[in-house]
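Colleague: In our numbering, the protein residues as written are -4 to 219.
Ideal placement from N, C-alpha and C gives every residue a C-beta, glycine not left out.
No experiment lies behind these values; they were computed from the predicted model shown.
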Amino acid sequence: MKKIVIAIDGPAAAGKSTTAKLVAEKLNYLHIDTGAMYRALTYKILRDGIDPENEAAVVEALKDSKVDLKKEKNEIKVFLDDEDVSKYLRSAEVTNAVSAVSSYKQVREMMVELQRRISNEGGVVLEGRDIGTVVIPDADLKIFMIAGIETRAKRRQKELAEKGLMIDYNKIVNEIIERDNKDSKRKESPLRKADDAIVLDTSNLSIEEQVNFIVNKALEIIEN
Ligand code: CDP
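Written out as structure tokens, the structure is:
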């Protein structure tokens, strides 16, 4: 059976991670969360006391870093220099600094090379900001996932509440808007819909509906 590459891009908190994980499970594909890779590098920068806005210092600190994605049971764990850092990746500190760290050309080159390497045999669902435009421009199926700001903020608030973090709704709205702005306006690989991507607005869809939409599109391609 043909093993295809599925690219899912879109703004912050549009539902990419949950959807990509379930799509990968249904197709028995590998789920590659590229945001988690940039978050792992950002965690290292903050842990080592480096200013995320200082490009030269960030690039120097990351030049020999090793990021690995390993499947353990049903979850992908992110390893940074052989240490499992998965539990640190979604902290507010990392979220606030990740757009700066991921805007640097050399940081992107390192990650894109790795992302292409792990995708080269197909059978993968990659999610991020630049998968369909830069990382794998000839991906078999490209989805650009969007949702209204209110939906996204509510989803993010619920996700944080489940972890015991009660965060003000307006604060979450502002964080999402600011990060989307930075990601869309940066020079290197900005967040942008690929011309041949299918837009999937998840504002009024259940997780099951959005997963089925993508799986059905994928099956049309795989079976043809
Ligand atoms: O889950 P959420 O939508 O909050 O974000 P994420 O997918 O974990 O991505 C975190 C950040 O990493 C984004 O805001 C981007 O700054 C950066 N990123 C990127 O530059 N390129 C990618 N392919 C994926 C993420």
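Is any non-hydrogen atom of ligand 1 found closer than 7 Å to the C-beta of LYS11, if you look at the structure I gave you?
Modeller: yes
Colleague: Alpha carbon to alpha carbon, how far is THR14 from ALA2?
Modeller: 12 Å
Colleague: Using three-state DSSP, classify GLU50 as helix, strand or coil.
Modeller: In the structure shown, GLU50 falls within a helical segment according to DSSP collapsed to helix, strand and coil.
Colleague: Rounded to whole angstroms, how far is the Cβ of ASP28 from the Cβ of GLU122, which I believe are closer than 8 Å?
Modeller: 6 Å
Colleague: DSSP on LEU25, reduced to helix/strand/coil?
Modeller: strand
Colleague: Roughly how far, in whole angstroms, is the beta-carbon of VAL80 from the beta-carbon of ALA35, given that I think they are within contact range, below 8 Å?
Modeller: 5 Å
Colleague: Give a yes or no on whether 8 Å exceeds the smallest Cβ distance from LYS58 to chain C.
Modeller: Chain labels in this structure do not include chain C; a single protein chain is all it has.
Colleague: So is TYR83 buried or exposed if we call it buried at 16+ other beta carbons inside 10 Å?
Modeller: buried
Colleague: How close, in whole Å, do the beta carbons of ILE126 and ARG151 come, if the pair is a contact with beta carbons under 8 Å?
Modeller: About 21 Å; that fails the 8 Å criterion.
Colleague: Return the residue from the list ARG124, ARG42, ASP59, SER60 that minimises the CA-CA distance to ARG174.
Modeller: ARG124
Colleague: Beta-carbon separation of ARG103 and SER179 under 8 Å?
Modeller: no
Colleague: In this structure, what does DSSP give as the bridge partners for ALA2?
Modeller: LEU121, LYS137
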